[in-house]
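Each number in the working numbering corresponds to the 1-based position in the sequence shown with 971 added. Just below is one structure, and these are the notes that go with it.
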Amino acid sequence: MGSAISLPLQRTGIIRGACPHDCPDTCAMLVHVQDGRAVRVQGDPDHPVTQGFLCTKVNRYVERTYHADRLTTPMRRVGAKGEGRFEPAGWDEALDDIANRLRGICDTHGPQAVLPYSYAGTMGLVQGSSMDRRFFHWLGASLLARTICAAAGTEAWKHTYGDRMGPTPEEVEHARLILLWGTNTLTSNPHLWPAIRRAREAGARIVAIDPIRTRTAAQCDLHLPIRPGTDAALALGMMHRIFCDALEDRDYLERHTVGWEMLAERVREWTPERTAEVTGLEAGQIVELARDYALTRPTFIRLNYGMQRHAGGGMAIRTVALLPAVTGAWREVGGGATLSTSGAFRLNNAALERLDRVPAGTRTINMIRLGDALTQPDAGVGGPPVKALVVYNSNPAAVAPDLGKVREGLRREDLFTVVLEHFQTDTADYADWLLPATTQLEHWDIHTSYGHLYLTLNRPSIEPVGESLPNSEIFRRLAASMGLRNPEFRDTDLDLIRQALDCDNPHVKPITFERLLETGYARLDVGEDFAPFADGARFNTPSGKIQIYAPELERLGLDPLPTYTPPAESMETAPELVRRFPLTLLSPPEHQFMNSTFVNIPALNRAAGEARLLLHPNEAAVRGIADGDRVRSWNDRGHFFARAAVTEDVRPGVAVSYGVRWARLSEAGLTVNDTTSQRETDMGGGAVFYDNRVEVEAAAGS
Ligand SMILES: Nc1nc2c(c(=O)[nH]1)N[C@H]1C(S)=C(S)[C@@H](COP(=O)(O)OP(=O)(O)OC[C@H]3O[C@@H](n4cnc5c(=O)[nH]c(N)nc54)[C@H](O)[C@@H]3O)O[C@H]1N2
Ligand SMILES: Nc1nc2c(c(=O)[nH]1)N[C@H]1C(S)=C(S)[C@@H](COP(=O)(O)OP(=O)(O)OC[C@H]3O[C@@H](n4cnc5c(=O)[nH]c(N)nc54)[C@H](O)[C@@H]3O)O[C@H]1N2
Ligand SMILES: [Mo]
972 MGSAISLPLQ
982 RTGIIRGACP
992 HDCPDTCAML
1002 VHVQDGRAVR
1012 VQGDPDHPVT
1022 QGFLCTKVNR
1032 YVERTYHADR
1042 LTTPMRRVGA
1052 KGEGRFEPAG
1062 WDEALDDIAN
1072 RLRGICDTHG
1082 PQAVLPYSYA
1092 GTMGLVQGSS
1102 MDRRFFHWLG
1112 ASLLARTICA
1122 AAGTEAWKHT
1132 YGDRMGPTPE
1142 EVEHARLILL
1152 WGTNTLTSNP
1162 HLWPAIRRAR
1172 EAGARIVAID
1182 PIRTRTAAQC
1192 DLHLPIRPGT
1202 DAALALGMMH
1212 RIFCDALEDR
1222 DYLERHTVGW
1232 EMLAERVREW
1242 TPERTAEVTG
1252 LEAGQIVELA
1262 RDYALTRPTF
1272 IRLNYGMQRH
1282 AGGGMAIRTV
1292 ALLPAVTGAW
1302 REVGGGATLS
1312 TSGAFRLNNA
1322 ALERLDRVPA
1332 GTRTINMIRL
1342 GDALTQPDAG
1352 VGGPPVKALV
1362 VYNSNPAAVA
1372 PDLGKVREGL
1382 RREDLFTVVL
1392 EHFQTDTADY
1402 ADWLLPATTQ
1412 LEHWDIHTSY
1422 GHLYLTLNRP
1432 SIEPVGESLP
1442 NSEIFRRLAA
1452 SMGLRNPEFR
1462 DTDLDLIRQA
1472 LDCDNPHVKP
1482 ITFERLLETG
1492 YARLDVGEDF
1502 APFADGARFN
1512 TPSGKIQIYA
1522 PELERLGLDP
1532 LPTYTPPAES
1542 METAPELVRR
1552 FPLTLLSPPE
1562 HQFMNSTFVN
1572 IPALNRAAGE
1582 ARLLLHPNEA
1592 AVRGIADGDR
1602 VRSWNDRGHF
1612 FARAAVTEDV
1622 RPGVAVSYGV
1632 RWARLSEAGL
1642 TVNDTTSQRE
1652 TDMGGGAVFY
1662 DNRVEVEAAA
1672 GS
């Protein structure tokens, strides 16, 4: 373990850490330890964004860490695939066997028959994208396109603004109109809320644009229950009005954008009436929103993931994100739009990951097509079948779309599966080897953020639970077992942190490891009032400007101008399908869970209750469904069961089931993701979780 933890642990006191989860807030966490045992976690009261509080979930981090079900030794499968029966084994035995099996597969089928599968179980660079990547890159394994969450928006923003940046909670309090557009802030980005509250106390109006009256929408001054997947239409309709009333910022457009005249022409057709018809909102509301947006200063749009998870998700992000370019909202502190702030954080990922070692011609497999990749002889993309799957920081048998296909693949007797985990998850059930990994309290890491501007160091606060090891150490040892002797596999976790910081990004330059050891976190050196796209900004796009017209999109077969792309499963595109499956099923995050993490924490599971299906009273009535009935939702991909909740919180035509649940804790082992599709978004090959049509019926046993 020397290479993983190489500074002494303090046995009693308060240790500075970082919340590792996939959330924009990246909290600075204080871990209270007593005699070598963690007793409490707390949000750092001095951190300007964390402000002394953690969320409902992470408050339970100590409980999760010492959970009776934590994996504490390597485990070898003894039952049938998927049965989830294992026996304990030693690390040497496990690593030797895994190395032998992988070597055999590489020799027979070539190294591309090995597929790594990871996502954001931890957002830490060391435990998430360092030794693991080096291992697979040196081996010559297939590459994984990590598209499940943010790919559509990332690609859209790249073609439009270049780097992903925007106001952070520290600036947002200056805004006087805030649009929460496709985001459930109180659940998924709760540390933005104090800034919203302060803005509101100073007179700001808060508007939620969401098909569901979420707990966030319920707190806003106005809720616009938009039809799913039609956000681009709403933005175009707003622009129509803004140009008609000559409320655009001509000076900003001329100096900083290309193609605005074409946009002004394009939006002429987006009259309030047409916009209303497409979006399901009222024409009067649209006109009023547009005028408010153009006449208030500063205006801030938090545009987030909801709108990305539809076939036209990239175009939707791009179109909505252009509103502040049209009105020049970027000029002021707190004005503009934020998708992500990760563009401010370019660390030395190249040194950590060593993509330069990837053999030329290596294929890439899109993670959201895992079902196809495991069930098609050429993995769906050409080349050898996938013969080995190594999963860490992810739970694909719960979070991936089209789970029926995923399980069919995982059940293959000829697929060798290794899972690094804290718990026996849905995916772990299918493992040949299950390896115990450390949690954030037990390892080092460094964290960027996609919702603010602080770099955060995570110090381990306790010894590893049982025989668990950090991911980095498991891959270090696996590399040794496979005979990979390059010096890169000898770097310690502290070496890796130093390498990450050793970069040419001027925002990061003043931040050293020593400084982070002392303070725990540090703000990027971007000056006081962050207004990245104000006057004088340079845009990291091919033209150096905001690309309202983006010629690169034309080469990808897409409209180079902002446009409305209807959902793939909609009346406009698939009327026959819609007649059979009339409801759009949305499955956004459950308040008490973090994707599929924390689902096994008893207090949180109790608070979330059993899986529910929210339905508008009209939709329930025509199906003879009463509140509390057991219902079955289905389409051609699969089905699942839930308890009906009849409520006006969802608009007609929409059904909602909050996720992500564990299949092994769900009725019949089925969840929402048995119905979702492997289709890719227009940009970035992202997932379309919410572009999903189902029918619902009362099930026996109501
Ligand atoms: N508690 C909790 N917090 C989380 C997570 C979690 O699982 N639990 N997950 C984290 C992760 S990985 C992510 S990516 C983020 C996601 O967090 P958010 O950015 O909030 O995204 P979603 O929750 O996917 O969707 C947000 C809202 O968009 C709405 N929506 C769906 N379709 C549309 C649409 O077409 N248009 C509009 N305008 N709205 C739509 C949904 O009803 C939902 O209320 O949250 C992070 N934070
Ligand atoms: N229907 C539907 N499906 C969705 C979504 C949705 O909104 N609706 N959201 C999607 C989104 S936005 C995302 S980001 C994905 C999330 O998908 P994932 O990134 O797979 O997220 P989790 O479900 O939290 O699974 C992470 C796993 O990593 C493990 N883990 C955590 N830390 C470590 C570590 O240090 N080492 C190891 N070895 N393991 C660790 C945890 O125990 C957990 O089981 O899900 C997607 N799936
Ligand atoms: Mo995500």
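Note that CB positions come from ideal geometry on N, CA and C, so glycine has one too. None of these values were measured; they are calculated from a predicted model.
Under three-state DSSP, which class holds residue i?
| i | result |
| --- | --- |
| F1271 | strand |
| I1119 | coil |
| E1666 | strand |
| D1416 | strand |
| Y1032 | helix |
| M1542 | coil |
| Y1276 | helix |
| Q981 | coil |
| N1429 | strand |
| G1656 | coil |
| T1309 | strand |
| S1604 | strand |
| Q1083 | helix |
| E1651 | strand |
| W1301 | helix |
| L1406 | strand |
| Q1518 | strand |
| G1342 | helix |
| G988 | strand |
Could you check whether the Cβ of residue i sits closer than 7 Å to any heavy atom belonging to ligand 3?
| i | result |
| --- | --- |
| D993 | yes |
Taking only heavy atoms of ligand 1 into account, decide whether any of them is closer than 7 Å to the Cβ of residue i.
| i | result |
| --- | --- |
| C1120 | yes |
| L1557 | yes |
| E1253 | no |
| M1654 | no |
| Y1276 | yes |
| G1230 | no |
| E1561 | yes |
| N1663 | no |
| P1182 | yes |
| P1199 | yes |
| S1089 | no |
With a 10 Å radius around its C-beta and 16 neighbouring C-beta atoms as the bar for buried, classify residue i as buried or exposed.
| i | result |
| --- | --- |
| M972 | Note that M972 has pLDDT 41, beneath the 50 cutoff, so the model's placement of it is unreliable and the number below is only indicative. Per the 10 Å Cβ criterion, exposed. |
| Q981 | exposed |
| T983 | exposed |
| L1386 | buried |
| K1376 | buried |
| A1450 | buried |
| R987 | buried |
| Q1083 | buried |
| P1087 | buried |
| A1204 | buried |
| K1480 | exposed |
So, is the C-beta of residue i closer than 8 Å to a C-beta in chain B?
| i | result |
| --- | --- |
| S1159 | Protein chain content of the structure displayed is limited to a single chain, and chain B is not contained in it. |
CB of residue i to nearest heavy atom of ligand 2: below 7 Å?
| i | result |
| --- | --- |
| G1124 | no |
| A1116 | no |
| M1565 | yes |
| E1392 | yes |
| V1238 | no |
| N1442 | yes |
| V1436 | no |
Contact check, residue i vs residue j under 8 Å by CB: the rounded distance?
| i | j | result |
| --- | --- | --- |
| A1669 | I1596 | 5 Å |
| V1627 | L1585 | 4 Å |
| H1211 | V1238 | 4 Å |
| A1671 | Q1470 | The Cβ separation is near 59 Å, so there is no contact. |
| A1091 | G1657 | Not a contact, Cβ separation roughly 14 Å. |
| A1359 | L1073 | 6 Å |
| G1491 | L1428 | 6 Å |
### Message
Please give the ranges of any alpha helix (DSSP H) in the stretch 1176–1255, keeping only runs that are unbroken, at least 4 residues long and fully inside the region.
### Response
Here the runs fully enclosed are 1202–1215, 1221–1227, 1231–1237 and 1243–1250.
Unbroken beta strand (DSSP E) runs of length 3 or more, entirely within the stretch 1089–1162: which are they? Complete beta strand (DSSP E) runs here, min 3: 1114–1116 and 1148–1152.
- Length at least 4, wholly inside the stretch 991–1057: the alpha helix (DSSP H) runs in chain order: Taking only runs of at least 4 residues, the alpha helix (DSSP H) segments lying wholly in the stretch 991–1057 are 1032–1036.
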